[in-house]
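Report on the following structure.
Numbering (UniProt numbering), first residue to last: 1 to 133.
Printed below as a string of structure tokens:
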């Protein structure tokens, strides 16, 4: 009879997969076949989730920018259009962070966007005022 030379590797592979499946419910953490299917499906969910996270954060940034822009009398779309006209190259992540952590700086940016929308010249250097700046 032929000697089974893969048994150690096969066991090691199965043990590794069952270790990955720890915490799954039902037979998905004990049965090799079910665990293999679930680990693969979990990888698919993780892949999709990484793409979804990017969409979710972009939507959150837009909501924050919109709320801050409306405090300065602009809708989100008019604010972004004003930024493009003024030549600002700030992405949504930075704008949302400004809106939350430094509202006065965001106000200065919003004023520049308003000026650009109304056709007034845009100031390239804006002083924010306040101590220690």
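Even for Gly, the Cβ is constructed at its ideal location relative to N, Cα and C.
This one's a predicted model, so the numbers in the text were calculated from it and none came from an experiment.
query: Please go through the stretch 12-75 and give each complete alpha helix (DSSP H) segment of 4 or more residues, from N-terminal end onward.; result: 32-71
query: Closest by CA to residue 110, which one among 1, 33 and 82?; result: 82
query: Residue 95 to residue 46, Cα distance in whole Å?; result: 28 Å
query: Could you give the residue range of the alpha helix (DSSP H) that holds residue 90?; result: Where residue 90 is concerned, there is no enclosing alpha helix (DSSP H), given that its DSSP letter is neither H nor E.
query: Using the beta-carbon count (16 or more within 10 Å), is residue 74 buried or exposed?; result: buried
query: On the three-state DSSP scale, how would you describe residue 78?; result: helix
query: Does the stretch 86-94 come close enough to the stretch 55-64 to have 3 or more Cβ pairs within less than 8 Å?; result: yes
query: Please report the distance separating the alpha-carbon of residue 76 from that of residue 44.; result: 35 Å
query: Distance, Cα to Cα, residue 98 vs residue 106?; result: 6 Å
query: Report yes if the C-beta distance between residue 79 and residue 113 is below 8 Å; otherwise report no.; result: yes
query: Express the C-alpha separation of residue 108 and residue 41 in angstroms, rounding to a whole number.; result: 48 Å
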